[in-house]
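Read the structure below first, then the notes.
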Amino acid sequence: MVNGIVKGTMVAMIDAIDGNISMTGEIVDQINAVFDFRVPRKWQYDPTGAEISWLTASLAGWIKGLLDRYHQLNNWISKERPPSFWMTGFFNPQGFLTSMK
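Numbering (the numbering used here), first residue to last: 720 to 820.
Structural data, given as structure tokens:
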């Protein structure tokens, strides 16, 4: 889900910069976020404001988390079940700890 949002956002930013589509306020905000090395809001929250992704302080950490999750799930599907799991790759650990509390 998040991969499709990221790809769609990046394609829209490139098209807007190239002049193929209109530059909207939302696209400007996304371009500014990437320029400032922040995670665009659309990548972390859905239109209702519900969290759809993990929260990190920088874009680099967010992309590393996305790639780590992709590789974990891809290896699991293409190979065999691993002997151990990266638990935070499946859910938001802060939300888990809050619910346990």
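We put the CB at the ideal spot given by N, CA and C, even for glycine.
TODO: Measure the alpha-carbon distance for Leu778 versus Pro802 and round it to whole angstroms.
DONE: The sequence position of residue 778 within the sequence shown is 59, counting from 1. The sequence position of residue 802 within the sequence shown is 83, counting from 1. Distance between the alpha carbons of Leu778 and Pro802 is about 30 Å.
- [ ] Please go through the same chain and pick out, in chain order, the residues whose beta-carbon is closer than 7 Å to the beta-carbon of Ile746, but skip the five residues on each side of it.
- [x] Mapped onto the sequence shown, residue 746 falls at position 27. Closer than 7 Å at the Cβ level, and outside the excluded window around Ile746, lie Ala731, Met732, Ala735.
Open item on the list: Our contact map puts Leu774 next to Gln763 with C-beta atoms below 8 Å; I'd like the distance itself, whole angstroms only.
Closed with: In the sequence shown, residue 774 corresponds to position 55, counting from 1. In the sequence shown, residue 763 corresponds to position 44, counting from 1. Indeed they touch by this definition, with Cβ atoms about 6 Å apart.
Task: Same chain only: Cβ atoms within 6 Å of Val758, ignoring 5 sequence neighbours per side - done: Position 39 of the sequence shown holds residue 758. The answer, listed in chain order, is Leu778, Trp781.
Task: Every unbroken alpha helix (DSSP H) inside the segment 724-773 [4 residues or more] - done: 744-754, 760-763
Task: Coil, strand or helix - Ala776 by DSSP - done: The residue you call residue 776 lines up with position 57 of the sequence shown. If DSSP states are grouped into helix, strand and coil, Ala776 belongs with coil.
TODO: Count the other CB atoms, across all protein chains shown, that sit within 10 Å of the CB of Ser741; report buried if there are 16 or more and exposed otherwise.
DONE: As a first step, residue 741 must be located in the sequence shown, where it is residue number 22. With fewer than 16 Cβ atoms within 10 Å of its Cβ, Ser741 is classed as exposed.
Open item on the list: At a cut-off of 7 Å, would you count Pro766 as near the ligand HEM, judging by its Cβ distance to the nearest heavy atom?
Closed with: With respect to the ligand HEM, the structure shown offers nothing to examine, as it has no ligands at all.
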